[in-house]
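Report on one structure; see the data block that follows.
Protein chains in written order, with the numbering used here: chain F, 1 to 458; chain W, 1001 to 1497.
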């Protein structure tokens, strides 16, 4: 087998050295009845060209030749080639968690840079070196707020990503916690009056996403006032952190958590992605996940090491701040390289393009007879639009033109029947957008005519 | 012997400041395609929400980025560079082909909300991965949703809880052996249970009498790593499961050490009810400096109704669909379907090996561990002298009298060109040296590792200070971890003007 370095003569020599005649003797410690007699029923072995063919087939049966207007927590942005040139270096790809700091300075410094970039972007004091993804980061933020406040009630905005809400519910189901949902207003933003009535003196955390699941931007100052008045902590969740290049960071929040996939991490059917969690200095010791700190070596040189490990499961066991061990270092490195490549001006220019394109698409779709934009508040690169008629039929018509036209919201919000969540990033060309808009117009014509007929009859 | 030892020498490593210290206003490392729609003024569109600046964010060229991260990379040890005998971590070769296929169009680019009929390629990869993992484990059903081993543990415990609650009593405790990985008790807490420590016996295995004593109708189940963290197969596994089952509990198997069993034994036949796998250990997906991982959780029929939703299901017509209609599910543990890209890589690993290859890899891993163990046992104390599977655990007892501890020996191993073994774990061994060579080390490299460990044992006797102050060949010497924790500096800040 091509991956195995041992030769048969090596194996024989090693067996001889340990006084065994056959390798089977080493497995005699497993009771005979439990040992597998037959070979496994798995395919293979496949040579390299055969393996490529196998996965090429899977690639063919994918949506790679479609223009996709899907966002909803996973964003397709252009991925500079430098990212793979760097993250495929074996020194990054095939190293372990940097517990042995002297031979892991590369990973450690890169994670220190990730922490700094996330802190700068979110307007927080400190960030950790990554969590599994945005959904689990939101959950960890809630658990952290519960530890900090010693309260056991959690309020989540209904406009927090529905799957993030589900993850929080899963983790909290045996923690004796009450979870309340707070509705959105007609603007698409959180309903402040409703929020005020649901937050009380037992509330540990209020979780609000911006841009929220509808793509709508929230105003943090007023939300923070309501939350802090009752001594609760405000958790700001971000699924599209590119927005932070143009939108004021949630500095009023106590914890900012989210998903950094948007920074050049492949969409890859949902993972691996990279969660992050940032907070104020005073809350550092209740943070989950790994932290890299700056220090000195015995000769006074600057260096980095994992720090505040006494929060973690390998030291604290059942009393740890979280059960997390593995993080998402390679994806965090991917995001770090992306942020560095784009840099301050590049990231802002890219965010401006996303904003311009989404505004163009929203404006044009809003003009389609029978279609409407239900939410008036500002958005970034994603918005909700009501279809002129049955959105399933509209999506099918778009698919004919090789366009995946957006996410039907009814699946998560029954009251939003025929509403689509549409995301437009810089990779969608104007030509594709115009083709999509044209389908909407074509689709709306019969609908508009039937409305006109109805009006004439009336 | 000593003249055969090839100490590592420092190769060229360039100094490299933080990326922020390389920044110069006006530079960028990426240029955008010209905008093809009318430009919007962000300031006017966003109004009060408009951000003027990202303070401190770097401005650098593409070449700066390339050099910066290339230089950083040279300061890391890696599997590609050498043997990585880190116990319980299974640091095996990560085939590059797997990186290539994971980036194929569609597999690397399909959106998770793509309509199912358009993303059959991705769904079939998930289904094929599931089928292969079920065959390897001998379990009945599986979810690839958990993002890593610890999340697999939590998912499994939540399923146990859901099952017992339906039977009328969720119970209070989960038994966790004192040799267990730290994530076990931490996961128990989050699942709403209390961890009840289970003492190991003199063999380092589950003490059956103690298990009988502790197992009661208050105990929901047992979390067991098999082979355990000493690298010893729990021979009483069937009896253990029976004791737990008779009292109405369920058995969770931590599959972190599955590299000792693939193709040789199926945990599904042991009597366990639920287990997780670490795709980043047994199935070669890259550790990437600490993630991403993937922790599929596999169950016997009894727990199938409680798997996280959606499940990935093959249809009679050969298509694959996502089933969200799972009313008894414990819920969702991660957005979308887990770390899909890791499933692609794990499947590529399994297909490349095939059935005989997988068994051969297991045999090599176990042979390697036993070979290392036999050849260094005269130099180091072996607290549990039982047959080893894929790893072996020594103690620093003999070196301790000279003031040399396991951490020192580990650091000295770096000077010989090796990544250290796992230190100070499991906790039941005083000053543990936990060595797992995996199948990805040939005899020549193992002999060099053995020579290094023997030589260090000698150094510990003759010149302990040399060992205590190691490493001597690295870019930085031992770092002040105490100082780092006392006054944490967790980010770069510009120097005060």
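Glycine residues also receive a C-beta, built at the ideal position from the N, C-alpha and C atoms.
Which of the residues in the region 1176-1196 of chain W, read from start to end, lie with their CB under 7 Å from any CB of chain F? 1182, 1183, 1185, 1186, 1187, 1188, 1189, 1190, 1191, 1192, 1195
Chain-ordered neighbours of residue 1122/W on chain F, where CB pairs are closer than 8 Å: Within the second chain, residue 1122/W is the residue found at index 122, counting from 1. Per Cβ cutoff of 8 Å: 58, 62, 269.
Closest Cα partner of residue 1470/W within the set 1408/W, 1204/W, 1141/W, 1427/W: Residue mapping note: residue 1470/W aligns to position 470 of the second chain, counting from 1. With distances taken between Cα atoms, residue 1470/W lies closest to 1408/W.
Within-7 Å CB hit, residue 1054/W to chain F: In the second chain, counting from the first residue as 1, residue 1054/W sits at position 54. Yes, residue 1054/W counts as interfacial toward chain F.
Can you check which of these residues, 1453/W, 1292/W, 1127/W, 1048/W, is closest to residue 1320/W by C-alpha distance? Numbered from its first residue, the second chain carries residue 1320/W at position 320. Checking every option, the nearest Cα to that of residue 1320/W belongs to 1127/W.
In chain order, what are the residue ranges of uninterrupted beta strand (DSSP E) at least 3 long that sit wholly in the region 382-418 of chain F? 382-386
Out of 1284/W, 1143/W, 1238/W, point me to the one whose CA is closest to residue 33/F's CA. Translated into the one-based positions of the first chain, residue 33/F becomes position 33. The shortest Cα separation from residue 33/F among 1284/W, 1143/W, 1238/W belongs to 1238/W.
In the DSSP assignment, what residue or residues form a beta bridge with residue 197/F? Taking the first chain and counting its residues from 1, one reaches residue 197/F at position 197. DSSP, once it has assigned bridges, lists no residue as partnering residue 197/F.
Does residue 1444/W pass the burial test, meaning 16 or more other C-beta atoms within 10 Å, or should it be called exposed? Against the second chain, residue 1444/W aligns to sequence position 444. Residue 1444/W should be labelled exposed.
Is residue 318/F close to chain W, meaning its C-beta is less than 7 Å from at least one C-beta of that chain? Taking the first chain and counting its residues from 1, the one referred to as residue 318/F is at position 318. Taking Cβ atoms only, chain W reaches closer than 7 Å to residue 318/F, which makes this a yes.
The alpha helix (DSSP H) spanning residue 86/F covers which residue range? Here residue 86/F is taken as the residue at index 86 of the first chain, counted from 1. Residues 81-87.
With distances taken between CB atoms, is the gap from residue 1028/W to residue 345/F smaller than 7 Å? Walking along the second chain from the start, residue 1028/W turns up at place 28. Walking along the first chain from the start, residue 345/F turns up at place 345. Result yes, Cβ atoms of residue 1028/W and residue 345/F sit closer than 7 Å.
Between which two residues does the alpha helix (DSSP H) harbouring residue 1250/W extend? Taking the first residue of the second chain as position 1, residue 1250/W is located at position 250. Residue 1250/W -> not in any alpha helix (DSSP H); beta strand (DSSP E) instead, spanning 1250-1254.
Using only the alpha-carbon positions, how far apart do residue 186/F and residue 1324/W sit? On the first chain, residue 186/F is found 186 positions in, with the first residue counted as 1. On the second chain, residue 1324/W is found 324 positions in, with the first residue counted as 1. Each residue's Cα considered, the two are about 30 Å apart.
Applying the 10 Å Cβ sphere with the 16-neighbour rule, what's the burial state of residue 1389/W? Within the second chain, numbered from 1, the residue matching residue 1389/W stands at position 389. Buried.
Given 8 Å, three or more beta-carbon pairs between the region 59-77 of chain F and the region 1289-1305 of chain W: Not touching, per the Cβ criterion.
Along the chain, which unbroken stretches of the alpha helix (DSSP H) at least 4 residues long are found entirely within the region 230-316 of chain F? 313-316
Residue 1320/W: contacting residues in chain F (beta-carbon distance under 8 Å): Position 320 of the second chain holds residue 1320/W. Correct list: empty, because the minimum Cβ distance to chain F is about 10 Å.
Hey, would you say residue 252/F sits closer than 7 Å to residue 221/F, going by beta carbons? Reading the first chain from its first residue, position 252 is the one you call residue 252/F. Reading the first chain from its first residue, position 221 is the one you call residue 221/F. Yes, Cβ-Cβ distance for residue 252/F and residue 221/F is below 7 Å.
Quick check on residue 1128/W: does DSSP put it in helix, strand or coil? Here residue 1128/W refers to the residue found at position 128 when the second chain is read from its first residue. Correct three-state label for residue 1128/W: helix.
Where does residue 1245/W sit, in a helix, a strand or coil, going by DSSP? If you number the second chain from 1, residue 1245/W lands on position 245. The answer is helix: DSSP assigns residue 1245/W an H, G or I state.
Supposed contact pair residue 244/F and residue 354/F - C-beta distance, whole angstroms, cut 8 Å: One-based indexing of the first chain puts residue 354/F at position 354. One-based indexing of the first chain puts residue 244/F at position 244. With 8 Å as the limit, residue 354/F and residue 244/F do not qualify as a contact, their Cβ atoms being about 12 Å apart.
Assign residue 339/F to one of two classes, buried (16 or more other C-beta atoms within 10 Å of its C-beta) or exposed (fewer than that). In the first chain, counting from the first residue as 1, residue 339/F sits at position 339. With 16 or more other Cβ atoms within 10 Å, it is buried.
Determine, using beta carbons only, whether residue 1406/W comes closer than 7 Å to chain F. The residue labelled residue 1406/W in the question sits at position 406 within the second chain. No - not a single Cβ of chain F is within 7 Å of the one on residue 1406/W.
If I measure Cβ to Cβ from residue 409/F and keep anything under 6 Å in the same chain, skipping five residues before and after, which residues do I get? For this step, residue 409/F is matched to residue 409 along the first chain. Answer for residue 409/F: 416, 419, 421, listed in chain order.
Report the start-end ranges of each alpha helix (DSSP H) in the region 1292-1373 of chain W that is 4 residues or longer and not cut off at the edges. none
Residue 1013/W, DSSP secondary structure in three states: Position 13 of the second chain, counted from the first residue, corresponds to residue 1013/W. Residue 1013/W: coil per DSSP, three-state reduction.
How big is the Cα-Cα spacing for residue 1243/W and residue 1212/W? Translated into the one-based positions of the second chain, residue 1243/W becomes position 243. Translated into the one-based positions of the second chain, residue 1212/W becomes position 212. Distance between the alpha carbons of residue 1243/W and residue 1212/W: 7 Å.
Tell me the DSSP secondary structure of residue 1201/W in three-state form. Numbered from its first residue, the second chain carries residue 1201/W at position 201. Residue 1201/W: coil per DSSP, three-state reduction.
With distances taken Cα to Cα, identify the nearest neighbour of residue 161/F among 442/F, 250/F, 413/F, 149/F. To locate residue 161/F, count along the first chain from 1; it is residue 161. Residue 161/F has its Cα closest to that of 413/F, out of 442/F, 250/F, 413/F, 149/F.
Can you tell me which of the three DSSP states residue 139/F falls into? For the purposes of this step, residue 139/F is identified with residue 139 of the first chain, where counting begins at 1. Reduced to three states, the DSSP call for residue 139/F is helix.
CA nearest to the CA of residue 1493/W, picked from 120/F, 16/F, 209/F: Position 493 of the second chain, counted from the start, is the residue given in the question as residue 1493/W. Residue 120/F is the option with its Cα nearest to residue 1493/W.
Can you tell me where the beta strand (DSSP E) holding residue 1187/W begins and where it ends? Residue mapping note: residue 1187/W aligns to position 187 of the second chain, counting from 1. Looking at the DSSP string, residue 1187/W is not in any beta strand (DSSP E); the run it does join, the alpha helix (DSSP H), is 1183-1190.
Could you check what DSSP says for residue 54/F in three-state terms: helix, strand or coil? Working through the first chain from its first residue, we reach residue 54/F at position 54. It is helical.
Rounding to the nearest angstrom, what Cα-Cα distance links residue 1454/W and residue 1411/W in this structure? Counting from one through the second chain, the residue named residue 1454/W turns up at place 454. Counting from one through the second chain, the residue named residue 1411/W turns up at place 411. Here the alpha carbon of residue 1454/W sits roughly 14 Å from the alpha carbon of residue 1411/W.
In its own chain, which residues sit with a C-beta less than 6 Å from the C-beta of residue 78/F, not counting the 5 before and 5 after it? Position 78 of the first chain, counted from the first residue, corresponds to residue 78/F. Excluding residues up to 5 positions away in sequence, 427 lie with their Cβ nearer than 6 Å to the Cβ of residue 78/F in the same chain.
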